[in-house]
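To convert, count from 1 in the sequence shown and add 946; that's this note's numbering. One structure is given here, and the rest of the page talks about it.
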Amino acid sequence: MKHNRDFDPRYGEAVELTSGLRRLTARNPSPFTFLGTNTYLIGTRRLVVVDPGPNLEEHVGAILKAAEGARIEAIVVSHTHADHSPGARLLKERTGAPIVGCGPHRAARDLMEDEVNPLDASGDKEHEPDTLLGDGEVLRAAGLSLETIETPGHTANHLCFALPGENILFSADHVMGWATTIVAPPDGSMRDYMASIEKLQHRPETCYLPGHGGEINNALDYVRDLKQHRLSREASILAELNQGSRTIPEVVAALYADVDPRLHKAAGLSVFAHLEDLVGRDLVTASPRLSLSCSFSVASP
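Next comes the structure, spelled out in structure tokens:
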């Protein structure tokens, strides 16, 4: 599938996307955040802020500057990774606006025996919303409505938000145009992620505004390609196991040979997510037990 990496973050500048909708990109580029985390300001004289980003005074200052003369009525958070939610507390301290959206950080499943969560440091354990939003619930603030769509997978508490009647969905890290989403157990779940992808295919929005990178137009086509990409990756993993690969590093070496080596660890977590799902569906066996370091083989018919 084709990704779009043509994006100018224009740090510190509130970029108008449509009337009453602006994007600010935090200066926190990395192999996992692309050129930075996107914050969205919805409204004019009254505002809703979506994903205030990391704990960066510079970025929160830019949000406040962009909001000057307007009242921030709600701070919406999609999920609790450290590049998305900590800025909400800084913004609340300065504005008094309530934090709404996802619940506290949690893993998709319990840790297995001797398992260590490789993404534990990326979770924002201090996040506590003033109001928790569940699937289908509508936030009404700043004279607008924002519909909540539960989309677990990248994290267990991941949410997307839609602007009814505007053909716009804030897809956070569930769907991004610059790269595929990291799904890494136990924080994430491939089974949940695929179910959430299927869920979006039945929604009407065709313009997605993601947590990183530029807007995604013709989004339903992109989501269809994203689903097919994941299914193709699953098939490739099964093929590698059939050809003799048994460990995650062996599979990564074969399937991600042309990928930046700095991303191989993340690729290994993605492969593990697929394998965890395949083991759960009795298509693959793990020996001596499911873990990042175990051996895998295709299950006998």
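Beta carbons: idealized from backbone N, C-alpha and C, even for Gly.
May I have the straight-line CA-CA distance separating Ile-1143 from Ala-1043, to the nearest angstrom?
31 Å
Grab me the residues of Leu-1224's own chain with a C-beta within less than 6 Å of its C-beta, minus the 5 sequence neighbours each way, in chain order.
Val-1230
Name the DSSP bridge partner or partners of Thr-1231?
Ser-1243
Determine the burial state of Leu-934: buried for a count of at least 16 other Cβ atoms within 10 Å of its Cβ, exposed for fewer.
Nothing in the structure corresponds to residue 934, since the chain is present only between 947 and 1247.
Spatially closest choice to Arg-1149 from Ile-1021, Thr-990, Glu-1112, by CA coordinates:
Glu-1112
How should Gly-1226 be labelled, buried or exposed, when 16 other C-beta atoms within 10 angstroms of its C-beta is the threshold for buried?
Counting C-beta atoms within 10 angstroms of its own C-beta, Gly-1226 has fewer than 16 neighbours from the protein chains shown and is therefore classed as exposed.
Counterpart residues of Phe-1116 in DSSP-defined beta bridges:
Phe-1107, Leu-1155
Where Ala-1102 falls, given that 16 or more other Cβ within 10 Å makes a residue buried:
buried
For the alpha helix (DSSP H) holding Asn-1188, just list the boundary residues, first then last.
Taken as a continuous stretch (DSSP letters only), the alpha helix (DSSP H) holding Asn-1188 covers 1165-1188.
Provide the residue span of the beta strand (DSSP E) that contains Tyr-986, from first to last.
Counted as a single uninterrupted DSSP element, the beta strand (DSSP E) harbouring Tyr-986 occupies residues 984-989.
Quick check: the region 1060-1071 against the region 1080-1095, are there 3 or more CB pairs under 8 Å?
no
For chain B, is any of its Cβ atoms less than 8 Å away from the one on Ile-1128?
Checking the listed chains, one finds no chain B in this structure; it contains a single protein chain.
Using DSSP with H/G/I as helix, E/B as strand and the rest coil, what is Ser-976?
strand
Should Pro-1131 and Arg-1055 be called a contact, given that it needs their Cβ atoms to be closer than 8 Å?
yes
Considering Cα atoms alone, identify which of Val-1022, His-1175, Gly-1080, Asp-1228 is closest to Pro-1247.
Pro-1247 has its Cα closest to that of Asp-1228, out of Val-1022, His-1175, Gly-1080, Asp-1228.
For a quick check, are the C-beta atoms of Thr-1126 and Asp-1070 less than 8 Å apart?
no
For Gly-958 versus Asn-1001, is the C-beta spacing smaller than 8 Å?
No, the Cβ-Cβ distance between Gly-958 and Asn-1001 is not below 8 Å.
Hey, could you find the ends of the beta strand (DSSP E) Arg-1086 is sitting in?
Arg-1086 -> beta strand (DSSP E) spans 1084-1087.
Compute the Euclidean distance between the alpha carbons of Ile-1194 and Ser-1239, then round it to the nearest angstrom.
7 Å
Under three-state DSSP, which class holds Arg-1137?
helix
Can you tell me whether DSSP reads Arg-1017 as helix, strand or coil?
strand
Beta-carbon within less than 8 Å of Tyr-1202's beta-carbon, same chain only, minus the 5 sequence neighbours each way: which residues are those?
Leu-1209, His-1210, Ala-1213
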